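Colleague:
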Amino acid sequence: MDKKNELSEFAAREPSLGYFYQIRYSLFLLLSNRAIQNPLLRIESLDDIEIQSPDKTEIFQTKLKLKSKASLTNSSVDFWKTIRVWADNINNNRVEPEKTIFTLISTEEVSNDSFLKVIRDELKSDVTISSLISQMDTIATTSTNATNKKAYDEYLKLSIDNKKSLIKNIHIIDAASDIAQITDKLKSELAYSAPYNQIDSFLEILEGWWFQIAIEHLIGNKDCINSKELQSKVSSIRDSFSQDNLPNHFGKQLEISDQEVKNFKDKTYIKQLEIISIKLSSNTAKRAISDFRRAFQQRSKWLRLELLSPDEQIEYDEKLYDYWKNLFDIIQDECAEKEIEQIREIGNKFYLNQFAKTCPPVKIREKFNEDYLTRGSYQILSDSKRIGWHPNFKDLL
Numbered sequence: 006m007d008k009k010n011e012l013s014e015f016a017a018r019e020p021s022l023g024y025f026y027q028i029r030y031s032l033f034l035l036l037s038n039r040a041i042q043n044p045l046l047r048i049e050s051l052d053d054i055e056i057q058s059p060d061k062t063e064i065f066q067t068k069l070k071l072k073s074k075a076s077l078t079n080s081s082v083d084f085w086k087t088i089r090v091w092a093d094n095i096n097n098n099r100v101e102p103e104k105t106i107f108t109l110i111s112t113e114e115v116s117n118d119s120f121l122k123v124i125r126d127e128l129k130s131d132v133t134i135s136s137l138i139s140q141m142d143t144i145a146t147t148s149t150n151a152t153n154k155k156a157y158d159e160y161l162k163l164s165i166d167n168k169k170s171l172i173k174n175i176h177i178i179d180a181a182s183d184i185a186q187i188t189d190k191l192k193s194e195l196a197y198s199a200p201y202n203q204i205d206s207f208l209e210i211l212e213g214w215w216f217q218i219a220i221e222h223l224i225g226n227k228d229c230i231n232s233k234e235l236q237s238k239v240s241s242i243r244d245s246f247s248q249d250n251l252p253n254h255f256g257k258q259l260e261i262s263d264q265e266v267k268n269f270k271d272k273t274y275i276k277q278l279e280i281i282s283i284k285l286s287s288n289t290a291k292r293a294i295s296d297f298r299r300a301f302q303q304r305s306k307w308l309r310l311e312l313l314s315p316d317e318q319i320e321y322d323e324k325l326y327d328y329w330k331n332l333f334d335i336i337q338d339e340c341a342e343k344e345i346e347q348i349r350e351i352g353n354k355f356y357l358n359q360f361a362k363t364c365p366p367v368k369i370r371e372k373f374n375e376d377y378l379t380r381g382s383y384q385i386l387s388d389s390k391r392i393g394w395h396p397n398f399k400d401l402l
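Here the sequence shown is numbered in the numbering used here, starting from 6 and rising by one per residue.
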């Protein structure tokens, strides 16, 4: 790939990764914000990230650069875009600048000859603040940078008191952790919550939940995310790693389309349903497919993460089989001297009443109570022809 195409590729990927970075960083901020009692977090509200407490508001701009070697300078587009957002919030009375902490988080590094270095490094005295305002005013009034013009205009609308409050409360975190490195920071925050040697799996579950919650928040179904909610989830995940429980990675029911049903029609477990008159287009068949896929993925993941041993999985399948066999022997006795359609009907009721409408009380671990795992595991056994629903399933398949 030549240099031009490489830069173009990075430019195309940066915005998408920027959103992931923003959401991942918001998780880190809420996890690490222990000094505030139950802070409330919002994304894409007043700013990229907003953390609110009773006595102050913190707003954050996150800037991710994949391969740029540019520094944050006096005329940096990222800096002035950020100033524009903050000034707009102040000018429209959305925030009180004297009660708001304004933080720019950038993976770029502040230039040594920029006044941004003073903002980053120094406790700002009144003299320092006046000097910074003077420098920013000069840039905003004399610069010919068209890209920054709207930002300059918005900044110049600020009153002198608001400029002072803004500059006083600006924090800059430069050379910040990138999207991969922030993972290490998250692991550090979770070090005493996750079980030994399971930090990767622990974080994977937490991030999956966090992104789902963030989406609910972004589409307006959730006003904010609070720290108590996050801590409760961390505790719940920790409990799922106990000896009598397992983490649930696939808690959401899958929506199975008619086309997906057709794609699975040659699977043995689907044929097992057909021979007891369960239509492929039925919700019952779609639920069976969803349960099969979720159970298969979950069991595979537990094995891969070494949360479940192969022997324990075999033992669980034996329990499932034993429960099924006790009931299946009864319906086989009921089928003596029955007609073909009557036998099919017995199989239909056997499946619906014992394995679909209710869930067999066979658990893989005492505290893991997800029905999809049990039902889906029965579909897996059905797919291997070890069990079936029709009294004569072995002859019919």
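Beta carbons: idealized from backbone N, C-alpha and C, even for Gly. All of these numbers come straight from a predicted model, not from anything done at the bench.
Pop quiz: residue 114 and residue 179 are said to be a contact at Cβ under 8 Å. What is the actual Cβ separation, rounded to whole angstroms?
Modeller: Right, the Cβ-Cβ distance comes to about 5 Å (below 8 Å), so this counts as a contact.
Colleague: Assign residue 165 to one of two classes, buried (16 or more other C-beta atoms within 10 Å of its C-beta) or exposed (fewer than that).
Modeller: Residue 165 is exposed by the Cβ-count criterion.
Colleague: Secondary structure at residue 107, three-state DSSP: helix, strand or coil?
Modeller: Reduced to three states, the DSSP call for residue 107 is strand.
Colleague: Once you ignore the five residues that flank residue 34 on each side, which residues in its own chain have a CB closer than 8 Å to its CB?
Modeller: Taken in chain order, the residues that qualify are 46, 54, 56, 65.
Colleague: Exposed or buried, which one is residue 264 when buried takes at least 16 other CB atoms within 10 Å?
Modeller: By the 10 Å Cβ count, residue 264 comes out exposed.
Colleague: State the Cα-Cα distance for the pair residue 170 and residue 103, rounded to the nearest angstrom.
Modeller: Using only the alpha carbons, I get a separation of about 5 Å.
Colleague: Have a look at residue 399 and residue 281 and give me their C-alpha separation to the nearest angstrom.
Modeller: Each residue's Cα considered, the two are about 13 Å apart.
Colleague: What are the residues that DSSP puts in a beta bridge with residue 63?
Modeller: Answer by DSSP bridge pairing, in chain order: 56, 106.
Colleague: Around the C-beta of residue 208, are 16 or more other C-beta atoms found within 10 angstroms, so that it is buried, or is it exposed?
Modeller: Counting Cβ neighbours within 10 Å, residue 208 comes out buried, since at least 16 surround it.
Colleague: Just how far apart, CA to CA, sit residue 239 and residue 222?
Modeller: Those two C-alpha atoms are separated by around 19 Å.
Colleague: Compute the distance between the beta-carbons of residue 299 and residue 355, then report whether it is under 8 Å.
Modeller: For residue 299 and residue 355, no; Cβs fall outside 8 Å.
Colleague: Exposed or buried, residue 9, counting other C-beta atoms within 10 Å across all chains shown (16 or more means buried)?
Modeller: Summary for residue 9: the model assigns pLDDT 46, below 50, so the residue's position carries little reliability; its value from the coordinates is reported in the next sentence. So residue 9 ends up on the exposed side.
Colleague: In whole angstroms, what separates the C-alpha of residue 309 from that of residue 303?
Modeller: The straight-line gap from Cα to Cα measures roughly 10 Å.
Colleague: May I ask which residues mark the beginning and end of the alpha helix (DSSP H) holding residue 222?
Modeller: Unbroken alpha helix (DSSP H) run through residue 222: 204-223.
Colleague: For the candidate residues 305, 375, 112, 127, whose alpha-carbon lies nearest to that of residue 70?
Modeller: Per the Cα distances, 112.
Colleague: Taking only runs that begin and end inside the segment 370-394, name each unbroken alpha helix (DSSP H) of 4 or more residues, in chain order.
Modeller: Entirely contained in the segment 370-394, the alpha helix (DSSP H) runs reaching 4 residues are, in chain order, 376-388.
Colleague: Verify whether the separation of the beta carbon atoms of residue 2 and residue 162 is less than 8 Å.
Modeller: Past the edges of the chain, shown from 6 to 402, lies residue 2, and the structure says nothing about it.
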